[in-house]
Amino acid sequence: MKVIFSTLITLFVVATALAQNNKKWTLKECIDYALEHNISIRQNEKLVESSEQDVISAKGNFLPSLGASTNANFSAGLSANQEGILKNTNNFSSSFNLSSGGTIFNGYRNLNIYKQAQLGVESSKMDLQKIEDDISLFVVNAYLNILFAKENLAVAQTQLEISRKQVEVTQAQVEAGVKPRGDLLNAESVVAADAQNVVTQENALDLALLSLAQLLQLPSENFDIAIIDVGTPSGLMLYDNSNIVYEKALENRAEIAKAKLMVDNADLNIKIAKGAYLPTLSYSLGASTSYFHQFNNLFTNQVNASFADQFSDRFQYGGGVSLSIPIFNRNQTKANVNKSIINKSLSELDLENQKLQLKETIERAYLDAKAASKSYEVAKISLDAQKEAFKNAEESYNLGAMTSFEFDEVRSRLVNAESTLIRAKFDYVFKIKVLEFYYGEELALE
């Protein structure tokens, strides 16, 4: 029974390993995995956690402090008794202190520092969001590159099969005396060139797979993706103009949100700096007691009191309020306020610059997508024409009305047209995805 159980466990492990090796990653799985495991994303998640600790620290400024201290001392040496005679004594003393304090008012600085810490958390989240968005777009691009490489490889393999069949046809024609032997040699050289192209496209596919695997930080061995049929994309643009995308991007882009947070943060810096003009009111509380013991008492009529009695009898407590009023601090506060106002202007300029850069990026992306759409439409028309030309050329060649050199030229134009269409299609799909990315739509290919 144990043998059977062990065998079943082994089979399960092997089956699991095989399933993992044969796994085809979907685009969603790739994006989700990258967002969960990418080192840069994980580092920024830690930065968010760190900024959350700043909030806890800032919140602590509203709470009173509490501290305790104690000390113990032993001394030995001459000490005078009641008659003024010096004698050697051994003394022990100790004290116990408890203190507390806090701020009642300090020009709202604690409140504004707390608000700043909260903005810091939101700012860190915006940094994290931007990295996640960028990684997602990189994954989509890498995924499309693999699909592009796979289609190119499929075209190259198809052309190789056509070339091999053409060798068979040419060989039959040579044997029948219809074609010269030179045509057969030319057809065989085309097969060799097409075989070399297949190897080139296989290498391009391996590199594309490696690129995505490295982006996901996964082993590249046996890594593969699920085939997604991007279909025949429409030549119509999804958006009427770039301004539609830009207005939407202003609402959802993390870099714009962070730049706005920096303006708010600068406002708080001004308030914190101005708080130094206002008085600071604080309080303090304290309690203490002590204990003394003389081991060889010189005063025969005096007995050391017990620890409990001394602890109670010597107990004292108190409290106080302190008011600090700034009058003149060598223009330090004034300079800090002015610098904070200047920094706010810099933050506002940075916000405008971020908006300008975003607008320029979207305008370029829109024109790129528009040009890619036109290229795609032209490539489709060109391919249809080349397919018809190749069909006619193939019939003419088989009938002996066309030389192998002429036929190979027509076939080369067809291959180029197919490659151009594939390249134009994936270029157009990706550039449309870039616009969707800035518009705030979920990145997907299905």
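Residue numbers (mature numbering (1 follows the signal peptide of the UniProt record, and there is no 0)): -19 to -1, 1 to 427.
For every residue, glycine included, the Cβ atom is placed at its ideal position computed from N, Cα and C.
All values reported here derive from a predicted model rather than from experimental measurement.
Following the continuous alpha helix (DSSP H) through residue i, name the residue where it begins and the one where it ends.
| i | result |
| --- | --- |
| Val159 | No alpha helix (DSSP H) holds Val159; DSSP gives it neither H nor E. |
| Ser220 | Note on identity: in this sequence residue 220 is Tyr, with Ser being the wrong assignment. It is not in any alpha helix (DSSP H) - Tyr220 carries neither H nor E in the DSSP assignment. |
| Gln297 | Note, Gln297: premise wrong, no alpha helix (DSSP H); beta strand (DSSP E) at 297 to 305. |
| Asn25 | 20 to 41 |
Could you give the DSSP three-state label for residue i: helix, strand or coil?
| i | result |
| --- | --- |
| Ala207 | coil |
| Lys4 | coil |
| Leu231 | helix |
| Ser144 | helix |
| Gln154 | helix |
| Ala(-3) | In this prediction, Ala(-3) has a pLDDT of 40, which is less than 50 and means its spatial position is unreliable; what the coordinates show is noted afterwards. In the structure shown, Ala(-3) sits in a helix (DSSP, three-state: H, G or I). |
| Thr342 | helix |
| Ala398 | helix |
| Ser81 | strand |
| Leu193 | helix |
| Asn285 | coil |
| Thr70 | strand |
| Ala15 | helix |
| Gly101 | helix |
| Ser326 | helix |
| Ser76 | strand |
In chain order, what residues of the same chain have a beta carbon less than 6 Å from the beta carbon of residue i, not counting five sequence neighbours either side?
| i | result |
| --- | --- |
| Ser76 | Asn52, Ser271 |
| Tyr14 | Leu197 |
| His274 | Phe73, Asn285 |
| Trp6 | Ile206 |
| Ser356 | Ala405 |
| Asn42 | Asn91 |
| Asn54 | Ser74 |
For residue i, which residues of its own chain have a beta-carbon under 7 Å away from its beta-carbon, when the five flanking residues on both sides are left out?
| i | result |
| --- | --- |
| Glu344 | Ser223 |
| Phe119 | Leu196 |
Closer than 8 Å by C-beta to residue i: which residues in its own chain qualify, once you throw out the five before and the five after it? Chain order, please.
| i | result |
| --- | --- |
| Ser81 | Pro45, Ser46, Leu47, Gly48, Ser265, Leu266, Gly267 |
| Leu100 | Leu242, Asp245, Asn246, Leu249 |
| Ala185 | Ala130, Asn133, Leu134 |
| Leu416 | Leu219, Tyr220, Val226, Ile343, Ala346, Tyr347, Ala350 |
| Ala230 | Ile237, Leu339, Ile343, Tyr419, Tyr420, Gly421 |
Just reading off the beta strand (DSSP E) that residue i is part of, what are its end residues?
| i | result |
| --- | --- |
| Ala268 | 261 to 275 |
* When the Cβ atoms of the segment 134 to 142 are set against those of the segment 392 to 403, are three or more pairs found closer than 8 Å? -> Note that the segment 134 to 142 touches the segment 392 to 403; at least 3 beta-carbon pairs, one per stretch, sit closer than 8 Å.
* Hey, is the segment 136 to 155 in contact with the segment 218 to 235, meaning 3+ C-beta pairs nearer than 8 Å? -> No: the two stretches stay apart, fewer than three of their Cβ pairs being nearer than 8 Å.
* Given 8 Å, three or more beta-carbon pairs between the segment 323 to 334 and the segment 242 to 259 -> Yes, since at least three Cβ pairs between the segment 323 to 334 and the segment 242 to 259 fall closer than 8 Å, the two stretches touch.
* **Complete runs of the alpha helix (DSSP H) confined to the segment 346 to 376 [at least 4 residues]** => Complete alpha helix (DSSP H) runs here, min 4: none at all.
* Are there three or more Cβ pairs, one per stretch, closer than 8 Å when the segment 309 to 327 is compared with the segment 348 to 364? -> As far as the Cβ criterion goes, the segment 309 to 327 does not touch the segment 348 to 364, which means the pair count is below three.
* Asked: Below 8 Å, can you find three or more Cβ-Cβ pairs linking the segment 294 to 301 to the segment 261 to 269?
  -> The segment 294 to 301 vs the segment 261 to 269: in contact.
* Report yes or no: do three or more beta-carbon pairs, one from the segment 156 to 174 and one from the segment 237 to 245, lie closer than 8 Å? => Between the segment 156 to 174 and the segment 237 to 245 there are fewer than three C-beta pairs closer than 8 Å, too few to call the two in contact.
* Asked: Counting pairs of beta carbons, one from the segment 379 to 390 and one from the segment 187 to 204, are three or more of them closer than 8 Å?
  -> Taking a cut-off of 8 Å on C-beta distances, the segment 379 to 390 does not touch the segment 187 to 204, as fewer than three cross pairs fall below it.
* Any 3 or more C-beta pairs closer than 8 Å across the segment 11 to 31 and the segment 105 to 114 -> Three or more Cβ pairs drawn from the segment 11 to 31 and the segment 105 to 114 lie within less than 8 Å of each other, which places the two stretches in contact.
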